[in-house]
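Protein chains in written order, with numbering that gives the first Met the number 0: chain S, 0 to 242; chain V, 0 to 242.
2 protein chains.
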Amino acid sequence: MPGDADIASVAALMGEPARAAVLMALADGRSLAATTLAAEANVAPSTASGHLARLVEGRLVTVESSGRHRYFRLASPEVASALEALARLAPHRQVRSLSQGTHAEAIRRARTCYDHLAGRLGVALLDALVSTGVLHVHEVGEGSDPVLGAGRARVYVLTGDGTSRLAALGVAPDPPTRRPLTRYCIDWSEQRPHLAGWLGAALLTRFAELGWVLRAPKRVVKVTDAGWAGLAGRLGVDVDACR
Amino acid sequence: MPGDADIASVAALMGEPARAAVLMALADGRSLAATTLAAEANVAPSTASGHLARLVEGRLVTVESSGRHRYFRLASPEVASALEALARLAPHRQVRSLSQGTHAEAIRRARTCYDHLAGRLGVALLDALVSTGVLHVHEVGEGSDPVLGAGRARVYVLTGDGTSRLAALGVAPDPPTRRPLTRYCIDWSEQRPHLAGWLGAALLTRFAELGWVLRAPKRVVKVTDAGWAGLAGRLGVDVDACR
DNA sequence: GGCACACTTCGGGCCTACCCGAAGCGTTGG
DNA sequence: CCAACGCTTCGGGTAGGCCCGAAGTGTGCC
Chain S
0 MPGDADIASV AALMGEPARA AVLMALADGR SLAATTLAAE ANVAPSTASG
50 HLARLVEGRL VTVESSGRHR YFRLASPEVA SALEALARLA PHRQVRSLSQ
100 GTHAEAIRRA RTCYDHLAGR LGVALLDALV STGVLHVHEV GEGSDPVLGA
150 GRARVYVLTG DGTSRLAALG VAPDPPTRRP LTRYCIDWSE QRPHLAGWLG
200 AALLTRFAEL GWVLRAPKRV VKVTDAGWAG LAGRLGVDVD ACR
Chain V
0 MPGDADIASV AALMGEPARA AVLMALADGR SLAATTLAAE ANVAPSTASG
50 HLARLVEGRL VTVESSGRHR YFRLASPEVA SALEALARLA PHRQVRSLSQ
100 GTHAEAIRRA RTCYDHLAGR LGVALLDALV STGVLHVHEV GEGSDPVLGA
150 GRARVYVLTG DGTSRLAALG VAPDPPTRRP LTRYCIDWSE QRPHLAGWLG
200 AALLTRFAEL GWVLRAPKRV VKVTDAGWAG LAGRLGVDVD ACR
């Protein structure tokens with residue numbers, strides 16, 4: 000547990016509204032240009048530039064120049080983990096305008112978390128994969144650790160039947176990277192796990208290929224009519240629970 | 000992944016040096032009085048009182064009144080997780096004074112993390128338990144997730160042989176709580192896992208009973224001569240690696 | 001080559017919030 | 001019952017940092 004590390008400097012970097020907005024915009028792993036991030040944070044380009052310089056200097060963000068653009072992205076997965084941990088503690092921002100309200104609702108329904116699905120749909124998808132036997136859950140110990148709530152030791156294993164069912168859908172778990180096949184991530188809006196890891200990413204990619212989902216701005220994911228039908232029919236997702 | 004949550008307010012709460020010092024002091028799960036925390040943060044009692052009120056209002060900390068004292072503690076394990084995630088990103092504070100230097104060294108050698116061992120000793124202990132066959136490691140997937148660094152899916156299972164060896168040491172894994180038997184925690188100073196969970200706590204408690212370790216102020220753990228001998232001889236810990 | 005664009009640096013205005021000491025309230029102990 | 005203690009509230013001084021607009025550098029496009 001923490002002891003001597005200078006938490007304050009990192010937290011202060013994340014604790015300024017404009018910088019937090021920048022980090023949140025980068026939270027799905029994309030690289031974005033400075034102007035885009037300025038708009039995202041609702042500040043002037045000059046202001047954003049200063050904030051970005053501080054984020055880079057604090058090693059939370061890296062830059063890559065490309066022509067006259069400079070693309071920023073999170074420096075490491077650990078940064079995303081920290082944002083995730085903070086989001087779990089954060090009060091949900093109160094809704095001010097109608098558009099904010101609909102966006103807040105949309106982002107809770109279905110969004111991307113890096114490269115996989117999150118929100119009610121992400122949670123329902125994982126539930127469906129487990130209840131239909133595509134994945135088996137192994138719990139280590141029972142209940143939740145009273146001391147370390149995060150990182151509950153739960154492991155999702157792809158079954159043989161699951162492998163063939165996914166192959167029928169066009170998702171073949173080749174080992175293209177050294178990335179773990181399954182991983183989970185506690186959803187900040189649902190407070191329940193959704194599927195991450197290689198499989199989580201592969202499913203989102205395949206859903207997009209099939210025309211089941213469309214990636215809208217601001218991390219929102221829109222599900223098409225074919226998508227709702229396919230998720231329910233082919234994977235057993237409880238689409239009513241996702242609205 | 001984060002989307003709409005108001006990360007900035009939480010991070011700002013953690014991003015002020017005095018408040019961060021308070022949170023770090025509470026990070027091992029203790030309840031401490033306001034005056035103690037003021038001293039810990041090097042601010043006047045009145046200043047600390049204001050910070051504590053804000054931490055309570057922000058739901059990072061809870062209070063319990065007892066006579067003329069008020070005892071503060073972290074509001075939830077999630078708060079500790081967030082601190083942990085930030086500590087992993089934090090630059091190690093540069094050493095200013097000799098006493099800070101020796102303390103920084105001591106805390107990296109052996110410290111408590113909540114109720115179990117961390118630092119080089121904590122890491123070496125887990126290594127020893129694995130290499131001597133007390134625990135078996137199960138990896139799910141291979142390597143590290145390029146997207147989600149934290150929460151690597153690794154599971155430590157107590158072996159039959161391990162159970163009897165621990166019993167000989169006076170540690171019997173009764174199921175006294177619903178807490179998981181084993182759990183790990185990425186050590187912020189070593190960037191490698193150390194043992195947490197019920198077993199991690201039981202081992203620290205037993206080491207203290209045996210007079211192997213003494214809990215010094217500021218989370219530092221001192222190992223006695225008998226402790227070094229016992230750790231090496233009975234558990235196979237590479238004590239040289241711990242210094 | 002020249003204009004438009006992306007971005008950064010600089011200067012100055014403003015405001016937040018951190019800090020402390022003094023004073024007030026409640027509790028404990030002699 | 002009074003003194004010491006723990007803690008909080010209040011007032012005022014200070015400093016740091018956030019914001020923008022204007023100006024400067026470098027790149028791409030016509």
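Built from N, CA and C at the ideal position, the CB exists for glycine as well. This one's a predicted model, so the numbers in the text were calculated from it and none came from an experiment.
Taking 8 Å as the threshold, the shortest C-beta distance from Gly-161/S to chain V does not fall below it. In the three-state reduction of the DSSP assignment, Ser-65/S falls in the strand class.
Annotated as proximal: Gly-169/V and Arg-205/V, with beta-carbon spacing under 8 Å. Contact note: Pro-90/S reaches chain V through Ala-4, Asp-5, Ser-8, Val-9, Gly-57, Arg-58, using a C-beta cutoff of 9 Å and chain order. Of the candidates Trp-187/V, Ala-195/V, Gly-121/V, Ala-84/V, the residue whose Cα lies closest to the Cα of Tyr-155/V is Ala-195/V.
Of the other Cβ atoms in all chains shown, 16 or more fall within 10 Å of the Cβ of Ala-10/V; this residue is therefore buried.
Residue pairing of His-102/S in beta bridges, as defined by DSSP: absent, with no partner found. In the structure shown, Ala-109/V adopts coil according to DSSP, grouped into three states. Proximity of Arg-29/S to chain V, defined by a Cβ-Cβ separation below 8 Å, is not satisfied. The beta-bridge partner set that DSSP reports for Lys-217/S is empty.
A direct Cα-Cα distance of roughly 14 Å separates Val-236/V from Leu-134/V. Under the Cβ distance rule, Glu-208/S does not count among the residues neighbouring chain V, no pair being separated by less than 8 Å. Under the criterion of beta carbons closer than 8 Å, Gly-132/S and Thr-158/S qualify as touching, at roughly 6 Å. In the DSSP assignment, Ala-195/S falls within the unbroken beta strand (DSSP E) covering 192-195. Secondary structure note for Leu-165/S: its alpha helix (DSSP H) is the uninterrupted segment 159-168. Leu-213/S is classed as exposed because its beta carbon has fewer than 16 other beta carbons within 10 Å across all chains shown. The C-beta separation of Ser-188/V from Gly-118/V comes to about 6 Å, placing the pair in contact by the 8 Å criterion. Put simply, the backbone Cα of Ser-8/S is about 6 Å away from that of Gly-14/V. Taking all protein chains in view, the Cβ of Arg-67/V is surrounded by fewer than 16 other Cβ atoms within 10 Å, so the residue is classified as exposed.
In the three-state DSSP reduction, Val-122/S falls in the helix class (H, G or I).
Straight across, the Cα-Cα distance linking Ala-47/V with Glu-39/V is about 10 Å. Taking Ala-201/V as the centre and dropping the five residues before and after it, the same chain places the C-beta of Val-170 closer than 6 Å to its C-beta, in chain order. Judged by beta-carbon spacing, Pro-16/V lies beyond the 8 Å limit of Ala-33/V, meaning their Cβ atoms are not closer than that value. For Ala-26/S, the three-state secondary structure derived from DSSP is coil. Assignment of beta-bridge partners to Val-60/V by DSSP yields Leu-73/V. By the rule that beta-carbons nearer than 8 Å mark a contact, Leu-82/S touches chain V.
For Arg-87/V, the chain S residues whose C-beta falls within less than 7 Å of its own C-beta are Glu-77, listed in chain order. Secondary structure at Val-238/V: helix, using DSSP grouped into helix, strand and coil. For His-50/S, same chain residues with a beta-carbon under 8 Å away, outside a window of 5 residues either side, are Glu-15, Ala-17, Arg-18, Val-21, Ala-40, Val-42 in chain order.
Burial check for Leu-97/S: the Cβ neighbour count within 10 Å stays below 16, so the residue is exposed. For Leu-36/S, the uninterrupted alpha helix (DSSP H) run begins and ends at 33-40, by DSSP.
For a cut-off of 8 Å, the C-beta gap from Ala-81/V to Leu-88/S is around 6 Å, short enough to register as a contact. Proximity to Ala-127/V across Val-62/V, Ala-231/V, Asp-5/V, Arg-242/V peaks at Ala-231/V, based on C-alpha coordinates.
Sequence-distant Cβ neighbours of Leu-203/V in its own chain, meaning closer than 6 Å and more than five residues away, are His-115, Leu-116. With contacts defined as CB atoms closer than 8 Å, Pro-192/V and Asp-186/V qualify as a contacting pair.
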